[in-house]
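Visitor: Structure provided below as structure tokens; questions to follow.
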Amino acid sequence: MESIGLLMLCPMNTYLEDELNKRFNLYKFWNYPDRKQFLSQNSASIRAVVGTATAGTDAELIESLPKLEIVSSFSVGVDNIDLVKCKEKGIRVTNTPDVLTDDVADLAIGLMLATLRRIPACDRFVRSGSWTIGQFKLTTKFSGKRVGIIGLGRIGAAIAKRAEAFGCPISYYSRTKKPDSKYTYYPTVVKLASNCDILVVACALTEETRHIINREVIAALGPKGVLINIGRGPHVDEPELVSALVEGRLGGAGLDVFEDEPRVPEELFKLDNVVLLPHAGSGTVETRTEMADLVLGNLEAHFLGKPLLTPLV
Amino acid sequence: MEVGEVQSPDSRSEDLPRVLMLCPPSVYTIFHAEFSKNFHFIKSYESTLPTDQFLSAYAADITALLLSGSGPPITADGVLCHLPSLKCIVPPPAGLDHVDLTECRRRDIAVANAGDIFSVDVADFAVALLIDVLRKISAGDRYVRSGLWSSNGNYGLGSKLIGRRVGIVGLGNIGSKVAVRLQAFGCRIFYTSRTLKPSALYEYCSDVYELANKVDILMICCALTDQTRHMVNKEVLSKLGKDGVIVNIARGAIIDENELVRCLVDNKIAGAGLDVFEHEPSVPKELFALENVVLSPHRAVFTLDSLRDMYEHVTGNLKAFFSGKPLLSRYVDD
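Chains A and B are the protein sequences, given in the same order.
Read in order, the letters of the first sequence correspond to residues 1 to 313 in the numbering used here.
Read in order, the letters of the second sequence correspond to residues 1 to 334 in the numbering used here.
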């Protein structure tokens, strides 16, 4: 397969990069400052693209790669891939489901705990040398808080299972009610937000779920409510969220994703009731290696004419 | 009345049952107005006299003592000898390591225990610290706030929690709750305790050495006693190993702190989440330079919800005592 041209859209994982380099004729998109020129010179040989949650494959890129056969995403979310165009042109699309479910769910709970119990603020306080006996700030108990989950797929269900061990009552919103779910269903996000203390975004990003967290939902969640986002930045109307937090209309937020990564609204930096992470949802050594193996496995299957491991299109 | 509002002294306060305090506990600081409706507090810390002189002068007929977690040790010859009428001690947070329980037993002084009130919050905090260390939450937050995500790209990878082998040191109120929580994350739970708990479905290890050999995460959830002081020593840390993580929400002195710092600085273990230290509020400065350590200023107990529960618990016990009834929750040394 060494003669097959493969375009890697951004640096994502050294192990994956090395393996792709061994098996394909690897082009690293980020090494070419003039992308138009690069594409006009090399597009005829590129038959595969590997992207991530932030580096997507849009219609324009697809059009400029006439020999493209497969897009293998190093992520489970594929909102930045033009799936309609891929289907139209017979281009296969794969992602990395399941292998990252546990890590993302762990991080969601970790963010809830870190936000309610102000752990990064505690750590900052000690490191600054400010600790003297008698000074303490009260934080908010996590166990028993009502957790509302948007999207009860693999990740949402894994979050629910963990939160239950803390005695948290679970409720959810999804496009359709799940008939065999023991959790409380709410038919709208606003109703869910009104009836929970911690609201977590765990659904896929689509046209319908863009800005699913808007001013109305934030108001329903309220000054004691906490928002956790381990989905995609565009799930949230970010300027609305920032003003709600700064003005105290929302109790707190734990955010792993942002509308324009790696840019994070600086107004959030001075808030102690907010925890900010650099898109670390699947960020463990073990999981990234498993994700890389899935990407490699899917590519190999495709070029050997075997069934794909985790196809979406 | 709002929490924290100060009420002017009630003319009837002299009739209220008298309770001694050597140092105000957090629950008193938050709920002093409510407390003052039911009890009259004698505060040795507000006097310029040394404690022993104050007690000799004013506390001879005191029957009840409300403790603070950070107050002076309640020793036989330092404090208890000056309180000949003492019959009841009510402690707030879970630690009784600074109370001479032998002397209390000898003098038939009833000691209430804090029961299960704080154990949920402390267990939550222990799990929070563990996830933070493994997934670099505080470190990642620091990275983002410093603007480095934009300039330097993604932060380093953490490590997986599911499937990890976790050793709980002390399977009491707190340890058992930590176990239940971590099991839901898919961890395999082991424990050591003074005695095997037949109802616990986790694998028992007879001592902390055996435990450290079997696991790579240690959660310290036991009381500080003569037996547990510096129990986590060089040998235990070495058995825990290079991938090892330790979380301490119990008492700083259970771990040999100098040895722990050495192991962290030399990468002999992978990380630590620490809410307690041997000489609080002093924290070894070497830890401040480490990214794989999460530090907290002894706050595992402090949520408003739990302090409210503590207020009810303290009031309930004191009222029971003063009306000649048994304490609601008496400490029993098992």
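All C-beta atoms in this analysis are idealised placements derived from N, C-alpha and C, irrespective of residue type, glycine included.
In its own chain, which residues sit with a C-beta less than 8 Å from the C-beta of lysine 239 of chain B, not counting the 5 before and 5 after it?
Guide: The answer, listed in chain order, is Tyr209, Ala212, Asn213.
Visitor: Around the Cβ of glycine 134 of chain A, are there at least 16 other Cβ atoms within 10 angstroms (buried) or fewer (exposed)?
Guide: For glycine 134 of chain A, the predicted structure reports a pLDDT of 48, less than 50, and the residue's modelled location is therefore unreliable. A value from the coordinates is still provided. Flag for glycine 134 of chain A reads exposed.
Visitor: So which residues of chain C does leucine 304 of chain B contact, with C-beta pairs closer than 9 Å?
Guide: Included in the structure are the protein chains A and B, with no chain C among them.
Visitor: Specify the secondary structure class of valine 232 of chain B as computed by DSSP and reduced to three states.
Guide: Here valine 232 of chain B sits in strand by DSSP.
Visitor: Quick one, which of A:Leu100, A:Gly151, A:Ile228, A:Cys196 has its alpha-carbon nearest alanine 292 of chain A's?
Guide: Minimum Cα distance to alanine 292 of chain A is reached at A:Leu100.
Visitor: Excluding the five sequence neighbours on either side, which residues of its own chain have a C-beta within less than 8 Å of the C-beta of valine 313 of chain A, listed in chain order?
Guide: Closer than 8 Å at the Cβ level, and outside the excluded window around valine 313 of chain A, lie Leu83, Cys86, Lys87, Ile91, Arg92, Val93.
Visitor: Three or more beta-carbon pairs under 8 Å between the stretch 302-313 of chain B and the stretch 152-160 of chain A, yes or no?
Guide: No: the two stretches stay apart, fewer than three of their Cβ pairs being nearer than 8 Å.
Visitor: Which of the three DSSP states is assigned to glycine 51 of chain A in this structure?
Guide: Strand at glycine 51 of chain A.
Visitor: Spell out whether any CB of chain A is found under 8 Å from the CB atom of isoleucine 217 of chain B.
Guide: No, no contact with chain A.
Visitor: Should cysteine 263 of chain B be counted as a contact of the ligand ADP given a C-beta to heavy atom distance under 7 Å?
Guide: As for the ligand ADP, it is missing from this structure, which has no ligand bound.
Visitor: In terms of residue numbering, what span does the alpha helix (DSSP H) encompassing glycine 140 of chain B cover?
Guide: 137-145 is the extent of the alpha helix (DSSP H) around glycine 140 of chain B.
Visitor: In its own chain, which residues sit with a C-beta less than 7 Å from the C-beta of lysine 145 of chain A, not counting the 5 before and 5 after it?
Guide: Around lysine 145 of chain A: Cys168, Asp197, Ile198.
Visitor: Assuming leucine 65 of chain A and serine 43 of chain A are in contact, meaning their beta carbons sit under 8 Å apart, how far apart are those beta carbons, in whole angstroms?
Guide: Correct: roughly 5 Å between the Cβ atoms.
Visitor: By how many angstroms is the C-alpha of valine 261 of chain B removed from the C-alpha of leucine 309 of chain A?
Guide: Cα-Cα distance, rounded: 46 Å.
Visitor: List the residues of chain A whose Cβ lies closer than 9 Å to the Cβ of phenylalanine 39 of chain B, in chain order.
Guide: Those do not exist, as phenylalanine 39 of chain B stays about 22 Å from chain A at its closest Cβ, beyond 9 Å.
Visitor: Mark proline 187 of chain A as exposed unless 16 or more other C-beta atoms lie within 10 angstroms of its C-beta, in which case mark it buried.
Guide: Exposed is the call here.
Visitor: Closer than 9 Å, Cβ to any Cβ of chain B: which residues of the stretch 150-182 of chain A, in chain order?
Guide: For the stretch 150-182 of chain A, which is checked against every Cβ of chain B, the residues closer than 9 Å are Lys161, Arg162, Ala163, Glu164, Ala165, Phe166, Gly167.
Visitor: With 8 Å set as the bound, which would you pick, yes or no: does the beta-carbon of leucine 304 of chain A sit closer than that to a beta-carbon of chain B?
Guide: With 8 Å as the cut-off, leucine 304 of chain A does not count as an interface residue toward chain B.
Visitor: Verify the CB distance criterion: does glutamate 286 of chain A have a CB-CB separation below 8 Å to chain B?
Guide: It does; some Cβ of chain B falls within 8 Å.
Visitor: List the residues of chain B whose Cβ lies closer than 8 Å to the Cβ of glycine 297 of chain A, in chain order.
Guide: Within 8 Å Cβ-Cβ: nothing; glycine 297 of chain A doesn't reach chain B, min ~20 Å.
Visitor: CA-CA distance, valine 127 of chain B and serine 143 of chain A?
Guide: Each residue's alpha carbon lies about 11 Å from the other.
Visitor: In the DSSP output, which residue or residues are listed as bridge partners for cysteine 205 of chain B?
Guide: Answer is none; cysteine 205 of chain B lacks a bridge partner.
Visitor: Who are the neighbours of tyrosine 58 of chain B on chain A, taking C-beta pairs under 8 Å?
Guide: Here the premise fails: no neighbours, minimum Cβ distance about 24 Å.
Visitor: Does the CB of phenylalanine 185 of chain B have a neighbour CB from chain A at under 8 Å?
Guide: Output row for phenylalanine 185 of chain B: interface = yes.
Visitor: In whole angstroms, give me the CA-to-CA distance for valine 201 of chain A and glycine 77 of chain A.
Guide: Valine 201 of chain A and glycine 77 of chain A: Cα-Cα distance of roughly 13 Å.
Visitor: Who are leucine 199 of chain A's beta bridge partners in DSSP?
Guide: Bridge partners of leucine 199 of chain A: A:Gly148, A:Leu227.
Visitor: By Cβ distance, which residues of its chain are closer than 8 Å to proline 311 of chain A, with the 5 residues on each side in sequence left out?
Guide: Hits under 8 Å: Arg92, Val93, Thr94, Asn298.
Visitor: Give me whichever residues DSSP pairs with cysteine 88 of chain B in a beta bridge.
Guide: Note: cysteine 88 of chain B sits in a beta bridge opposite B:Ala64, B:Ala110.
Visitor: Could you tell me which chain A residues have their CB closer than 9 Å to the CB of lysine 136 of chain B, listed as they occur along the chain?
Guide: Under the 9 Å cutoff, chain A gives Leu277, Ala280, Gly283.
Visitor: For lysine 67 of chain A, which option in A:Glu247, A:Ser45, A:Val50, A:Gly51 has the closest C-alpha, if you only look at C-alpha atoms?
Guide: It is A:Ser45 whose Cα lies nearest to the Cα of lysine 67 of chain A.
Visitor: With a threshold of 8 Å, are at least 3 pairs of Cβ atoms found where one atom belongs to the stretch 193-207 of chain B and the other to the stretch 246-254 of chain B?
Guide: No, they do not touch.
Visitor: Is the separation between the beta-carbon of proline 25 of chain B and that of glycine 69 of chain B shorter than 8 Å?
Guide: Taking 8 Å as the Cβ cut-off, proline 25 of chain B and glycine 69 of chain B qualify as a contacting pair.
Visitor: Against chain A, does arginine 299 of chain B count as a neighbour if the rule is that its beta carbon must be under 8 Å from one of theirs?
Guide: Chain A, which has a Cβ nearer than 8 Å to the Cβ of arginine 299 of chain B, makes this yes.
Visitor: Can you check DSSP and say which residues form a bridge with glycine 167 of chain A?
Guide: The partner list for glycine 167 of chain A (beta bridge, DSSP) is empty, contrary to what the question assumes.
Visitor: Spell out whether any CB of chain B is found under 8 Å from the CB atom of proline 33 of chain A.
Guide: Not closer than 8 Å to any Cβ of chain B, the Cβ of proline 33 of chain A fails to qualify, so no.
Visitor: Would phenylalanine 74 of chain A and threonine 52 of chain A qualify as a contact pair, given that the criterion is a beta-carbon distance under 8 Å?
Guide: In contact: phenylalanine 74 of chain A and threonine 52 of chain A (Cβ atoms closer than 8 Å).
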